[in-house]
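Step one of this worksheet: look at the structure below.
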Amino acid sequence: MSDKQYGEGKFEAVIVKNMADTGAFDEACKGVSSVVHFVSILTFDTDPNKVISDVVSGARQKPNVEFTISTKNWNNEDIEAAWKPAPYEPERAWSVYGASKTQAEQKMWDFVKEKKPSFVLNAVLPNSNMGEIISDKQPASTGGWVRSLYNGDVSPLKN
Numbered sequence: 026m027s028d029k030q031y032g033e034g035k036f037e038a039v040i041v042k043n044m045a046d047t048g049a050f051d052e053a054c055k056g057v058s059s060v061v062h063f064v065s066i067l068t069f070d071t072d073p074n075k076v077i078s079d080v081v082s083g084a085r086q087k088p089n090v091e092f093t094i095s096t097k098n099w100n101n102e103d104i105e106a107a108w109k110p111a112p113y114e115p116e117r118a119w120s121v122y123g124a125s126k127t128q129a130e131q132k133m134w135d136f137v138k139e140k141k142p143s144f145v146l147n148a149v150l151p152n153s154n155m156g157e158i159i160s161d162k163q164p165a166s167t168g169g170w171v172r173s174l175y176n177g178d179v180s181p182l183k184n
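The C-terminal position of the sequence shown is numbered 184 in our numbering, with every residue numbered one higher than the one before it.
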């Protein structure tokens, strides 16, 4: 996919099995000069303690990383809704997800302000992410909407 568009060896996609694991990004960030981070934990668990974590990529500890792009969203209402006291009702799942993205971005900016790393940080706020699905083995989130529609599943249009 990317070799044709950007040239051989210019882009590599890496699958991180569990981004909640300590050091999850360490291996993926070895020898890279740039990082694009698209995801958050997509379990849609309603308990914010299981989802909202310090999701700052392993790039922060890699001196060779010069440029980091992270797709985020900023939604203070989601933070408030996510951290309401239990019970953790199903309606809270999207707020927990949104809060995880927002609070991860806040932590990233805090890190840059405090540590002044060697890399440049950019946060991009897309409406949704579309494009070629890199791995059929991974859930595709918004990228899967097109595949779902192609396969006759119109549920993405109903939400």
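The C-beta atom is built at its ideal place from N, Cα and C for all residues, glycine as well. These figures come from a predicted structure and were not determined experimentally.
Taking only three categories from DSSP, how would you classify residue i?
{"i": "asparagine 147", "result": "strand"}
{"i": "serine 173", "result": "helix"}
{"i": "aspartate 103", "result": "helix"}
{"i": "lysine 140", "result": "helix"}
{"i": "proline 112", "result": "coil"}
{"i": "valine 121", "result": "helix"}
{"i": "aspartate 178", "result": "coil"}
Taking DSSP's pairing of strands, which residues face residue i in a bridge?
{"i": "serine 95", "result": "His62, Ala148"}
Can you tell me whether residue i is buried or exposed, with buried defined as 16 or more other CB within 10 angstroms of its CB?
{"i": "valine 179", "result": "exposed"}
{"i": "tyrosine 122", "result": "buried"}
{"i": "threonine 47", "result": "exposed"}
{"i": "valine 81", "result": "With a pLDDT of 42 at valine 81, under the threshold of 50, the predicted position of this residue should be treated as unreliable, though the coordinate-derived value follows. Under this definition valine 81 is a buried residue."}
{"i": "alanine 84", "result": "Since pLDDT at alanine 84 reaches only 45, below the 50 mark, its modelled position is unreliable, and the value read off the structure follows with that caveat. So alanine 84 ends up on the buried side."}
{"i": "isoleucine 257", "result": "With the chain covering only 26 through 184, there is no way to say anything about residue 257."}
{"i": "proline 151", "result": "exposed"}
Verify the CB distance criterion: does residue i have a CB-CB separation below 8 Å to chain C?
{"i": "valine 137", "result": "No chain C is part of this structure, which consists of one protein chain only."}
Query - Three-pair Cβ contact test at 8 Å for the stretch 105-115 versus the stretch 131-146 - result: At 8 Å Cβ cutoff, the stretches do not touch.
Query raised in the report: Which full runs of the alpha helix (DSSP H) of 4+ residues lie inside the stretch 28-90, going along the chain?
Result: Those alpha helix (DSSP H) runs which fall completely within the stretch 28-90 and span 4+ residues are 73-76.
Query raised in the report: Is it a yes or a no for the stretch 111-128 touching the stretch 136-150, going by three-plus beta-carbon pairs under 8 Å?
Result: Contact fails between the stretch 111-128 and the stretch 136-150, because fewer than three Cβ pairs, one in each stretch, are under 8 Å apart.
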